[in-house]
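Residue numbers (my numbering), protein chains in the order written: chain A, 8 to 260; chain B, 844 to 1096; chain C, 5 to 217.
Where is the CB? At the ideal position from N, CA and C, for every residue including glycine.
Keep in mind the model is a prediction, meaning the values are calculated, not measured.
For reference, the structure is listed below as structure tokens.
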């Protein structure tokens, strides 16, 4: 399946080299700071910080466009409606429809926050393999149960997805038409869902055996070695300072 | 050869005596199975589906508990659910066994649970991957591997633990010709004691000098592979066929 | 049922996280108390992946098609593992598909996860007064699926309407909540029917799955 996020994890850039733990906390702090912003005057700074992060990551622009295309649809709808529905102060009249100031401001805020958060998110998760990211979370004391589950689910998701596609193809070849609505059709899809669950469950029994045979539960979770250098810590502090600046500015200005 | 593989030549690696197994309220899956395997032997295990081959393997590994009888590996009785890296099992389906996101992590999994120091983990993993011809795949995500590569990596994960006895469950299933040939060469060249359960009788002829025929949970025959597999009547009686290369040819080719 | 990043004010998404932490903590505690988690982690993990994939199945609802939420079924089958499963599922969606949100992970986890946990108890009622027959499994499967989506909608819709700046007065907003919630009722029926059908299928084919973890 193609959605693997590993396309650009092998590039070399300051962001790729940043210790995954510090990167995770630093960039998430920035993302949360962006989500705090309510003042229009902060937006240019947000966009600048985002652009800097993205260019430092050396991820190609095409990556950003492809990844942002579909998620943006919902926000575009909200953003297109708000200036006409929300608020009392009319900025401009386009015939019978008024463009309202509050709505326009809200729309710009929402759109910019969305864009900046998602872009920094892409930088955070697109510059390290999923495995490395989960190892970083584990090193940051995220509970074993969650990280173990995340890794196993990630590992098998692709196979299970392939199975779904094969089954859908097989069903289509035997005349099942997805556009028809019927109780029968719904039941067939339910059986498809059920068989995916059963197969996964049965596979999990073998996976458990395989894990036990190779000592699952014996060793302590000593996964993922990290070694941070001074540059990692400096970048981390820098990210925290920038995040802090946005939050402070929100409350002080 | 690693130090721990040197042992007295007349001590068996595996002794199975009077093994019986059944699920509660179900007919016997294994009836009075006895077997003795000496160091360095390559033994083939043949029989129709449902004969009990996989069940026997699971009991030898300690994943299932026999209802009667005893299994002793390297002089120590096998206890249920005990971590014994000296016995390795290569599963029928490599996807059941390759549960880590990356190749390296999967091969290293057992080694880490054996609490080996980090450089030894790295050395053994590298050596195992190179033995199976997959040295360049260490960083690859598992779901990007071909069937043949998955099979080899799953074997590497077991080899890395330096087992005294390796059980192979249908190792050549789903392999293309080239991968199958690589597998045969690997098995032929390996010094470890092994039992190979397979429907691929030609492979067994090339790899194993001794064969055990199981049907309906009982050992039917145990001896020289060419003799047993060349016995038309015996093979057909137990759902097998004489391998092609043992069939006398009227026209030489 | 996912709220994307950038939409909600800070108090709301922060509260979402504040609520998620105790629910997650409690779920993990109950999981650990039920025995060695390592035995169930492979099952729970593969089922998490399976649910993730199953939610991609298109269910035709003219003129379009929808993807099911299935948090009722998830809760019915996974019990307390449902909350970690949903956290992981939401995390995957945010990271790999940019669907849902990172700052709104907490809010979305509460929207989907709390109803899932409640659905587990609803589904268990099928054992009340004797062995769970296929009919009872189907009925309680329907109720669990319907109810879980209803509960999610009951949290999601008001959050959306009340916290996105709209400039409408409270009465209009309330009407909007009502209307949007009502629009989801056909989906609740579809989720209920689908959940019932899967539960009955599992009862027939692999009953052990229904009391899996």
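Just measuring C-alpha positions, the residue of A:195, A:27, A:19, A:14 sitting nearest residue 242 (chain A) is A:27. Residue 913 (chain B) carries a strand assignment under DSSP once its states are collapsed to helix, strand and coil.
Using beta-carbon distances, residue 132 (chain A) does not count as an interface residue toward chain B, since no partner is under 8 Å. Interface flag for residue 224 (chain A) against chain C is set, since a Cβ pair is found closer than 8 Å.
In the three-state reduction of the DSSP assignment, residue 33 (chain A) falls in the helix class. In the three-state reduction of the DSSP assignment, residue 1037 (chain B) falls in the strand class, which pools E and B. About 11 Å separates the beta carbons of residue 915 (chain B) and residue 930 (chain B), which is beyond the 8 Å limit, so they are not a contact pair. Ranked by Cα distance from residue 122 (chain A), the options A:195, A:75, A:13 are led by A:75.
The DSSP-derived three-state label of residue 85 (chain C) is helix. Excluding its 5 nearest sequence neighbours in each direction, residue 1017 (chain B) has C-beta neighbours in its own chain below 6 Å: 990, listed in chain order. Using a Cβ-Cβ cut-off of 8 Å, residue 944 (chain B) is close to 136, 137, 138, 158, 161, 162 of chain A, given in chain order. Proximity of chain A to residue 35 (chain C) at the Cβ level (cut-off 7 Å) is accounted for by 152, in chain order.
Between residue 220 (chain A) and residue 906 (chain B), the beta carbon gap of about 7 Å places them in contact (Cβ cut-off 8 Å).
Where residue 193 (chain C) is concerned, the enclosing alpha helix (DSSP H) starts and stops at 189–209. Where residue 163 (chain A) is concerned, there is no enclosing beta strand (DSSP E), although the alpha helix (DSSP H) around it starts and stops at 151–180. Secondary structure at residue 862 (chain B): strand, using DSSP grouped into helix, strand and coil. Within chain C, 57, 58, 60, 61 have C-beta atoms less than 9 Å from the C-beta of residue 171 (chain A), given in sequence order. Put simply, of B:944, B:995, B:992, B:1036 the residue whose alpha carbon is nearest the alpha carbon of residue 1005 (chain B) is B:1036.
B:1071 is the residue among B:1087, B:1071, B:1089 whose C-alpha sits nearest the C-alpha of residue 889 (chain B). In this model, residue 22 (chain C) and residue 994 (chain B) are separated by some 46 Å (Cα to Cα).
In this structure, B:957 is the residue among B:1007, B:1042, B:957 with its C-alpha nearest to the C-alpha of residue 222 (chain A). Residue 213 (chain A) has a beta carbon lying within less than 8 Å of a beta carbon in chain B. For residue 967 (chain B), the secondary structure class from DSSP, reduced to helix, strand or coil, is helix.
With respect to the C-alpha of residue 25 (chain A), the residue from A:134, A:66, A:116, A:72 having the closest C-alpha is A:134. Counting only Cβ-Cβ distances below 8 Å, residue 85 (chain A) has contacts in chain C at 11, 168, in chain order.
Burial is judged here by how many other beta carbons sit within 10 angstroms of a residue's own beta carbon; residue 919 (chain B) has fewer than 16 and is exposed.
Distances from the CA of residue 49 (chain C) to each of C:153, C:205, C:83 were compared; the closest alpha carbon is that of C:83.
Judged by beta-carbon spacing, residue 1080 (chain B) lies beyond the 8 Å limit of residue 1040 (chain B), meaning their Cβ atoms are not closer than that value. Residue pairing of residue 100 (chain A) in beta bridges, as defined by DSSP: A:105. Each of C:100, C:70, C:43 was checked against the Cα of residue 14 (chain A), and the nearest Cα belongs to C:100. Against chain A, the beta carbon of residue 102 (chain C) has neighbours under 8 Å at 74, 75, 77, 78, 125, 128, 129, listed in chain order. Setting aside the 5 residues that flank it on each side, residue 34 (chain A) is surrounded in the same chain by 127, 130, 131, 246, each with a C-beta closer than 7 Å to its C-beta; the list follows chain order. In this structure, DSSP gives residue 40 (chain C) a state outside helix and strand, which the three-state scheme calls coil.
Within 10 angstroms of the beta-carbon of residue 73 (chain A) lie fewer than 16 other beta-carbons, which makes it exposed. Under DSSP, residue 68 (chain C) forms a beta bridge with C:65. When secondary structure is reduced to three states using DSSP, residue 1064 (chain B) falls in the strand class.
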